[in-house]
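>
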Amino acid sequence: MSKGLVVFNGKTEKGLDILVRYPNSDDGQILCDYINTLSKEKTFILFQGEQVKLDEEQKYLELQLKNIERNKSVLLLAFYNNSLIGVTSIEGKDKAEKHIASFGISIAQGFRAKGVGKLFMDLIIKEAEQNLKGLKIILLSVFGDNEVAKSLYNKFGFQEFGSLPGGILHAGKPVDHIYMYKKVD
Ligand SMILES: CC(C)(COP(=O)(O)OP(=O)(O)OC[C@H]1O[C@@H](n2cnc3c(N)ncnc32)[C@H](O)[C@@H]1OP(=O)(O)O)[C@@H](O)C(=O)NCCC(=O)NCCS
-1 MSKGLVVFNG KTEKGLDILV RYPNSDDGQI LCDYINTLSK EKTFILFQGE QVKLDEEQKY
59 LELQLKNIER NKSVLLLAFY NNSLIGVTSI EGKDKAEKHI ASFGISIAQG FRAKGVGKLF
119 MDLIIKEAEQ NLKGLKIILL SVFGDNEVAK SLYNKFGFQE FGSLPGGILH AGKPVDHIYM
179 YKKVD
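Quick note, the sequence shown lines up with residues -1 to 183 if you use the working numbering.
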């Protein structure tokens, strides 16, 4: 998979013009700014206010690029007018779980409900099916109070298989952590 490869350039179903591409090693700063802004929002992601330093983000990016090269992960970035507005990935596990990969997605505030989530899911699942060797199961977890994400995941055939009561903190408050999976061939 060549670095920075463009996989989509056009309109979402709801008319937003975006470009979607794989990352390259120059993306450390924009990814760092993106995650830190999202973290401050305390939305439905693991980062709930914590800030990431550029060198940590660059290390994460280099690891992701290596895993993309090795066909262990896929990761896509969405841009609107050259600004990063979304990130999605499917990251492969190891050893006895090497047939499983974990899905993640986020869209920047101001760009949600414009069809990016649906387009992203369609693209990243296709990329995973094409590039991740031996992939059988895509796994995800979602905050129990994230109705938009649950609705999106159901539309793409993900099924709930468990829930840890109070298993994740949303803005400091415990909510159920729901686990979902989808089989792929
Ligand atoms: C959840 C998220 C990824 C969805 O992406 P999105 O671009 O906003 O979603 P889309 O515009 O593609 O809409 C996809 C579906 O989500 C649901 N949806 C979107 N906006 C909604 C809203 N305001 N209310 C209810 N459902 C909504 C609908 O089912 C919609 O499908 P439809 O267009 O057929 O009705 C995005 O809102 C986001 O990043 N939110 C903050 C972080 C987050 O929740 N990440 C997920 C972590 S598990």
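C-beta atoms are modelled at their ideal positions from N, C-alpha and C, and glycine is treated no differently.
(1) Is the segment 148 to 160 touching the segment 168 to 179, taking contact as three or more C-beta pairs under 8 Å?
(2) Note the first and the last residue of the continuous beta strand (DSSP E) segment covering T86.
(3) Given that a residue counts as buried once 16 or more other Cβ atoms are within 10 Å of its Cβ, and exposed if not, what is G26?
(4) Pull up the distance between the alpha-carbon of P163 and that of D174, whole angstroms please.
(5) Using 8 Å as the cut-off, can you tell me whether the segment 33 to 44 makes contact with the segment 4 to 23, which would need three or more C-beta pairs spanning the two stretches below that distance?
(6) Name, in chain order, the residues that DSSP records as bridge partners for Y179.
(7) Ligand 1 heavy atoms versus the CB of S87: any closer than 7 Å?
(8) What I want to know is whether the C-beta of I122 ends up closer than 7 Å to one or more non-hydrogen atoms of ligand 1.
(9) Does the beta-carbon of T10 have 16 or more other beta-carbons within 10 angstroms, so that it is buried, or is it exposed?
(10) Does DSSP put V114 in a helix, a strand or coil?
(11) According to DSSP, simplified to helix, strand and coil, what is M(-1)?
(12) Start and end of the beta strand (DSSP E) containing L44?
(13) So if DSSP puts P172 in a beta bridge, which residue, or which two residues, is it bridged to?
If we stick to the structure as given:
(1) Result yes; three or more Cβ-Cβ pairs closer than 8 Å.
(2) In the sequence shown, the residue the question calls residue 86 occupies position 88. First-last of the beta strand (DSSP E) with T86: S81 to G90.
(3) Here residue 26 refers to the residue found at position 28 of the sequence shown. Taking a 10 Å sphere around the C-beta of G26, we find 16 or more other C-beta atoms and assign the residue as buried.
(4) The residue you call residue 163 lines up with position 165 of the sequence shown. The residue you call residue 174 lines up with position 176 of the sequence shown. In this structure, the alpha-carbon of P163 lies about 4 Å from that of D174.
(5) With a cut-off of 8 Å, the segment 4 to 23 and the segment 33 to 44 do not count as touching, because too few Cβ pairs lie within range.
(6) Residue numbering aside, residue 179 sits at position 181 when the sequence shown is read from its first letter. According to DSSP, which records beta bridges pairwise, Y179 is partnered with L137 and Q157.
(7) Walking along the sequence shown from the start, residue 87 turns up at place 89. For ligand 1, not one heavy atom lies less than 7 Å from the Cβ of S87.
(8) Mapped onto the sequence shown, residue 122 falls at position 124. I122 has its CB no nearer than 7 Å to any heavy atom of ligand 1.
(9) Walking along the sequence shown from the start, residue 10 turns up at place 12. By the 10 Å Cβ count, T10 comes out buried.
(10) Here residue 114 refers to the residue found at position 116 of the sequence shown. Here V114 sits in helix by DSSP.
(11) By 1-based counting over the sequence shown, the position of residue -1 is 1. Confidence at M(-1) is low in this model, with a pLDDT of 47, below 50, so its placement is unreliable and no value can be given for it.
(12) In the sequence shown, counting from the first residue as 1, residue 44 sits at position 46. Neither: L44 is in no beta strand (DSSP E) and is coded neither H nor E.
(13) Reading the sequence shown from its first residue, position 174 is the one you call residue 172. Under DSSP, the beta-bridge partners assigned to P172 are L167.
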